[in-house]
Amino acid sequence: MTDLSKFAAAMKVKKVVLCSDNTTDKSSWKRYFVEAGVPVAQVITTSSFQEASEALNKNPDIFMTGQYVNNQSCLELVDRHIEKQPDRSRAWTFVCTENNSLLLSSYLAEKNVDGIILKPYNSQDISDSLGPSLIAKLEMKKETKLYHEILALVKTDQLDEASEKLEIFKKGKEQNPYPYYLEGLIKEGRNNIDEAIDLYFKSLEFDEKNYLVLSRLFDLLMANRDYEQAYSCAEVLCENHPINPNRIPEMIRASIATKNFENLIKFCDAILNSTGNIAGLEKPLAAALIVAAKSLAMVPKARDLVIDALRRGVSLIDRNSPIFISALETFLLVDDLAATKKLLDEIPSDEMDEDLLAIDLEYTYKSKTPVAAFEKAQVLVKNDKANEKSYLILLKAAKELGKDSNKLEDMAFDAARIFPELKNEFLNAIK
Amino acid sequence: MSLIINAKDFHSIQYSMIIINETSGLENRDIKRYSLEELDPTGVKLKIPGSICQKGHVLGVIFYRGKRVKIPRKIPTSRQGGEIFFSAIGKVKEKFIDGDSDQVIIEVQFTQFDNHTWQSMLEEYAEKKSQVRELFKGMRLNHD
Chain A
624 MTDLSKFAAA MKVKKVVLCS DNTTDKSSWK RYFVEAGVPV AQVITTSSFQ EASEALNKNP
684 DIFMTGQYVN NQSCLELVDR HIEKQPDRSR AWTFVCTENN SLLLSSYLAE KNVDGIILKP
744 YNSQDISDSL GPSLIAKLEM KKETKLYHEI LALVKTDQLD EASEKLEIFK KGKEQNPYPY
804 YLEGLIKEGR NNIDEAIDLY FKSLEFDEKN YLVLSRLFDL LMANRDYEQA YSCAEVLCEN
864 HPINPNRIPE MIRASIATKN FENLIKFCDA ILNSTGNIAG LEKPLAAALI VAAKSLAMVP
924 KARDLVIDAL RRGVSLIDRN SPIFISALET FLLVDDLAAT KKLLDEIPSD EMDEDLLAID
984 LEYTYKSKTP VAAFEKAQVL VKNDKANEKS YLILLKAAKE LGKDSNKLED MAFDAARIFP
1044 ELKNEFLNAI K
Chain B
44 MSLIINAKDF HSIQYSMIII NETSGLENRD IKRYSLEELD PTGVKLKIPG SICQKGHVLG
104 VIFYRGKRVK IPRKIPTSRQ GGEIFFSAIG KVKEKFIDGD SDQVIIEVQF TQFDNHTWQS
164 MLEEYAEKKS QVRELFKGMR LNHD
């Protein structure tokens, strides 16, 4: 089928649902599909999430939507259409968006969206973005159709049928990555995770950069807590493909688990230095930067890197987050007292909890005299605001002030009454 | 070992605009209500509030890079420099009502503009579209 009339004949039986709050979008998309051969009566145009949601119940072959319609995200509708049409050889889903970052494209492509129209666009852009996908599926070879059928059977949990069809698909494809990929998916469906992982690795022998296989394998290795291998997958993915933003937190986790802290800081920096939208990634990025900084804090040559990572990390989080406490502790660990003070000054003293008060006390201990720290610590103890760290500083400061050994012991035992499991630490502090 | 990422993957091309109606002398900064609908080699199709102009009016269209730019109180007379990426003078060739909304679509034909900068903007969008199409093509057909 290569000529226009055959294409139009194939399109004649298709049902289309369009969703946009923009009249121009709807009319130009409709015009495209009608000119492609879809009868006008089979093109339903909708202007809201709700209307489109109802129209999707009619199981259209083609669904095309703006990413946002009346400020509401329509990606849920995209998911629903793909779910209702698991055999992707017979259905198309398209999205129109102003966000032209490759991250969004990667995210949507992985969802099995068939194409994106980027705004602003003209009629040629519609044709260039939709045409290749429409033609590719209408002209699809038998074996590619079979591949999609097997994928659909896996998605709908019909694993025995999928296995049967896979035997046909496999023939003559010993050097092709896809039979192994499909078999891996079937094994995964049967919860044979180790076998699935082996099959994905086998698949990569024939196409080491294959996005589908790498991303599936990465997710599975992470779930299996095989962080070393997951990290290696992430490397190949990052080097060869735009990243699906949903996978960034897991990539961060893999970097932390494999102690690739310096690389993790560079990874986060690259994301933060980009001019794109990182909404939703602030917390994982901040946590990654601060965890990496904390882990590198004792490496003398890494001090500048640590301080820079901490500064970037704290700029992304609010002041009552546990990560913020960790950042302050690390600033103190690398003796950046000025940064510690600056951040402490941002928090009114009456809003400080025990953790922050302990950091404030440690700052006093490091930057002022033992007398000042001792007096401050005593106030905390008296007001029942001292945590275990504050008690340790109290004891250290008291020892430095030359307090009598009996008095020191009394203080250590008082502390141990409140934190019995730390008795030895308290006694060591006064030795 | 390292996770190499291309910071450009995060980048989304975005422009903000302000419109000066040279015929009426009014300047409109309601940038949230402007959207770029179509780019032509010598003009642009915009969606804007209906009250801004009429067919035949002459408009000044100023583009700033980014979505959340700080637009200075006073636009320089030269309409160049600072944060301004591109500016043009053009005539409203067509004006259509956009459905039920109070927005309209206007087609502006540029009469005075820096063709070089405008072409670079068109190329930037075209390159991005091509990258996205390649990405989808790569995912779609590599098992054929």
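Chains as they are written, first to last, in the working numbering: chain A, 624 to 1054; chain B, 44 to 187. From the three backbone atoms N, C-alpha and C, an ideal C-beta is built for every residue, glycine too. Keep in mind it's a predicted model, so treat the numbers as computed, not measured.
- In the three-state reduction of the DSSP assignment, S696 (chain A) falls in the strand class, which pools E and B.
- At a cut-off of 8 Å, the C-beta of G738 (chain A) has a neighbouring C-beta in chain B.
- Counting only Cβ-Cβ distances below 7 Å, Q174 (chain B) has contacts in chain A at L725, in chain order.
- For A131 (chain B), DSSP records a beta bridge to B:V104 and B:F156.
- Here K134 (chain B) is not near V104 (chain B), since their CB atoms are 8 Å or more apart.
- Around the beta carbon of H864 (chain A), 16 or more other beta carbons lie within 10 angstroms, which makes this residue buried.
- Here S826 (chain A) has P800, Y803, Y804 and V836 as same chain residues with Cβ atoms under 6 Å from its own Cβ, once five neighbours each way along the sequence are excluded.
- Against T646 (chain A), the close residues of chain B are D141 and G142, in the order they occur along the chain (beta-carbon pairs closer than 7 Å).
- One alpha carbon belongs to A962 (chain A), the other to D973 (chain A), and they sit about 20 Å apart.
- Separation of G99 (chain B) and N645 (chain A) (C-alpha to C-alpha, rounded to the nearest whole angstrom) is 24 Å.
- The closest CA to that of Q146 (chain B), considering only B:S67, B:Q57, B:L79 and B:G68, is found on B:L79.
- Just so you know, the alpha carbons of V859 (chain A) and N883 (chain A) end up roughly 15 Å apart.
- Scanning chain A for C-beta atoms nearer than 7 Å to the C-beta of E80 (chain B) yields T647 and P743, reported in chain order.
- Pairing C861 (chain A) with L844 (chain A) gives a Cβ-Cβ distance that is not under 8 Å.
- A Cβ of chain B is located within less than 8 Å of the beta carbon of N722 (chain A).
- Per the C-alpha coordinates, the member of A:E1011, A:V994, A:Q1001 and A:D1007 positioned closest to L1024 (chain A) is A:V994.
- In the DSSP assignment, N1029 (chain A) falls outside any beta strand (DSSP E) and within the unbroken alpha helix (DSSP H) covering S1028 to I1041.
- Ranked by how close their Cα comes to the Cα of I62 (chain B), the residues B:I56, B:D52, B:I74 and B:S55 have B:I74 in first place.
- Straight through space, the alpha carbons of E905 (chain A) and E811 (chain A) are spaced by roughly 32 Å.
- For D141 (chain B), the number of other beta carbons within 10 angstroms of its own is at least 16, and it is reported as buried.
- One alpha carbon belongs to C642 (chain A), the other to R703 (chain A), and they sit about 14 Å apart.
- For F841 (chain A), the enclosing alpha helix (DSSP H) has its first and last residue at Y834 to A846.
- Taking 8 Å as the threshold, the shortest C-beta distance from P755 (chain A) to chain B falls below it.
- For the region 826 to 839 of chain A, the beta-carbon criterion of a distance under 8 Å to any beta-carbon of chain B is satisfied by D830, N833, Y834 and L835.
- For A714 (chain A), the closest Cβ of chain B is not nearer than 8 Å.
- Unbroken beta strand (DSSP E) runs of no fewer than 3 residues, entirely contained in the region 998 to 1028 of chain A, are not found.
- Classified as buried, T767 (chain A) has 16 or more neighbouring CB atoms from the shown chains inside 10 Å of its CB.
- E828 (chain A): not part of any alpha helix (DSSP H); DSSP gives it neither H nor E.
- By the rule that beta-carbons nearer than 8 Å mark a contact, I930 (chain A) does not touch chain B.
- Note that the C-beta distance between T688 (chain A) and V701 (chain A) is below 8 Å.
- Counted as a single uninterrupted DSSP element, the alpha helix (DSSP H) harbouring N863 (chain A) occupies residues Y850 to N863.
- If you look at C891 (chain A), you'll find it in the alpha helix (DSSP H) that goes F884 to N896.
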